[in-house]
Amino acid sequence: MYARCLGLDEKYGELIALLKGEDVMHVGQTSRQRVDLPSSYSSDTSKFIDDTSASLDGHSKAFVDKVDGMIKEVDEHNAIWKGKLTEMKKQAEHIMAQRRNLASQLLDFKNNI
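For the record, in the sequence shown the residue sitting at position 31 is 31 according to UniProt numbering, with numbers rising by one throughout.
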């Protein structure tokens with residue numbers, strides 16, 4: 001459902017941008033927008049590099065944390081589904097045993113009438 005909502009948002013977001021006459025960004029494209037850096041970076045490029053590196057490190061840590069959380073959730077759901085499948089298998093075996101028992105009883109009933 002979430003993925004579907006994201007798809008709709010992307011689709012209609014692009015449609016709205018086209019209707020407004022804006023350029024639509026595609027995956028792999030860079031922004032055409034020019035961004036001026038603060039003047040503190042012009043005098044000290046190592047500060048810019050350090051800040052950029054720290055920002056990327058923070059983003060990568062957050063990304064890794066999110067991915068680890070997703071893996072944990074998938075593993076939990078996987079364990080739940082395995083339990084449900086085991087339970088359904090037991091129920092199916094019980095139903096088959098009842099079916100065999102009732103089929104033999106029905107055959108005996110037909111033969112004795």
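Every residue gets a Cβ at the ideal spot worked out from N, C-alpha and C, and that includes glycine. These numbers were taken from a predicted model, which means no experiment stands behind them.
Legend entry - Collapsed DSSP secondary structure at Leu107 in the structure displayed: Three-state result, Leu107: helix.
Inset, instruction - Using three-state DSSP, classify Ile80 as helix, strand or coil. - result: Helix.
Inset, instruction - With a cut-off of 8 Å on the beta carbons, I'd call Ser53 and Lys47 a contact; round off their distance for me. - result: Their Cβ separation, rounded to whole angstroms, is 11 Å, which puts Ser53 and Lys47 out of contact at 8 Å.
Legend entry - Alpha-carbon spacing of Ala103 relative to Ile95, whole angstroms: If I take the Cα positions, the gap works out to 12 Å.
Legend entry - C-alpha distance - Ile49 paired with Asp65, whole-angstrom precision: Going from the Cα of Ile49 to the Cα of Asp65 covers about 24 Å.
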